[in-house]
Amino acid sequence: MSATYTFDVFSSLDGYGSYEGGDWGGYWGKQGPEFLAHRLESYAREQRTVFGANTFREFVAMRGASDDFPDVLDPWVTRMVHLPATVVSTTLTGPLDWPDASVAHGDAVDVVARLKEESAVPLRSHGSLSMNRALMAAGLVDRIQVTIFPVLTGHTGTAPIFHGAADFDLDLLESRTFDGRIQELVYRPTRHG
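Below, the structure is given as structure tokens:
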């Protein structure tokens, strides 16, 4: 049986995964207690995280900044750090500055296809946009979990989430609202055409 793979991503309403400059703060300043509790619940389940090398480096840097800024690591992020992790990279080598992470060298499509066949637990990737677009194109993403924060980042937005992705039809599996303003939408993607 093949493990389920979820592409988990945060987004502004206009489709950006992050921003530069400005004074938004983490989560574009829109997080609330319901959202943070749900994130912790989502990561409390047994699972394996999968990262591309660039996103992994960003998380390691964020984790390092937590010594100076303790609120950087919300409880769900702390939980994610302690889950087993696979980092797909052609450049990184171990040991990694992460409690239970290993490097898988090679093409992400090949690595994740193997993980899906071998893993006894679900797989989840938070971020890693270009890697997950390639996995979507290869038909390896079972669920896209998009958390939409109520902001438009037309001037400051960076990392357009689905820029350059193939065409997909999306079947809505779940939808929730947290703190009266944050939307979480979970879809099953099917390649269009």
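When we follow this note's numbering, the leftmost residue of the sequence shown carries the number -2, and every step to the right adds one. The C-beta atom is built at its ideal place from N, Cα and C for all residues, glycine as well.
Residue i: first and last residue of the uninterrupted beta strand (DSSP E) it sits in
| i | result |
| --- | --- |
| TYR13 | 13 to 16 |
| GLU181 | 179 to 188 |
Residue i CB to nearest heavy atom of the ligand COA below 7 Å
| i | result |
| --- | --- |
| LEU149 | This structure lacks the ligand COA, and indeed carries no ligand of any kind. |
Environment of residue i [buried if 16+ CB atoms lie within 10 Å]
| i | result |
| --- | --- |
| ARG173 | exposed |
| ALA105 | buried |
| HIS79 | exposed |
Other residues of its chain near residue i: CB distance less than 7 Å, five sequence neighbours each side excluded
| i | result |
| --- | --- |
| ASP11 | LEU149, THR150, GLY151 and GLY154 |
| ASP164 | HIS189 and GLY190 |
| VAL138 | TYR2, PHE4, ASN129, LEU132 and PRO186 |
Residue i to residue j span [Cα, whole Å]
| i | j | result |
| --- | --- | --- |
| VAL33 | SER39 | Note on residue identity: the sequence assigns Leu, not Val, to residue 33. Their backbone Cα atoms lie some 10 Å apart in a straight line. |
| PHE175 | GLY14 | 19 Å |
| LEU126 | THR52 | 8 Å |
Chain-order list of residues whose beta-carbon lies under 6 Å from that of residue i (same chain, five-residue window excluded)
| i | result |
| --- | --- |
| VAL57 | ASP94 |
| PRO72 | LEU37 |
| GLY124 | THR52 |
Same chain only: Cβ atoms within 8 Å of residue i, ignoring 5 sequence neighbours per side
| i | result |
| --- | --- |
| ARG42 | PRO119 |
| PHE159 | GLY12 and ARG130 |
| LEU170 | ARG140, VAL183, TYR184 and ARG185 |
>> Suppose only complete runs of 4+ residues qualify. What are the alpha helix (DSSP H) ranges in the stretch 50 to 89, listed by chain order?
In response: 50 to 62 and 72 to 78, all fully within the stretch 50 to 89.
>> I'd like the ranges of any beta strand (DSSP E) spanning at least 3 consecutive residues and lying wholly in the stretch 107 to 161.
In response: Here the runs fully enclosed are 120 to 123, 140 to 146 and 154 to 157.
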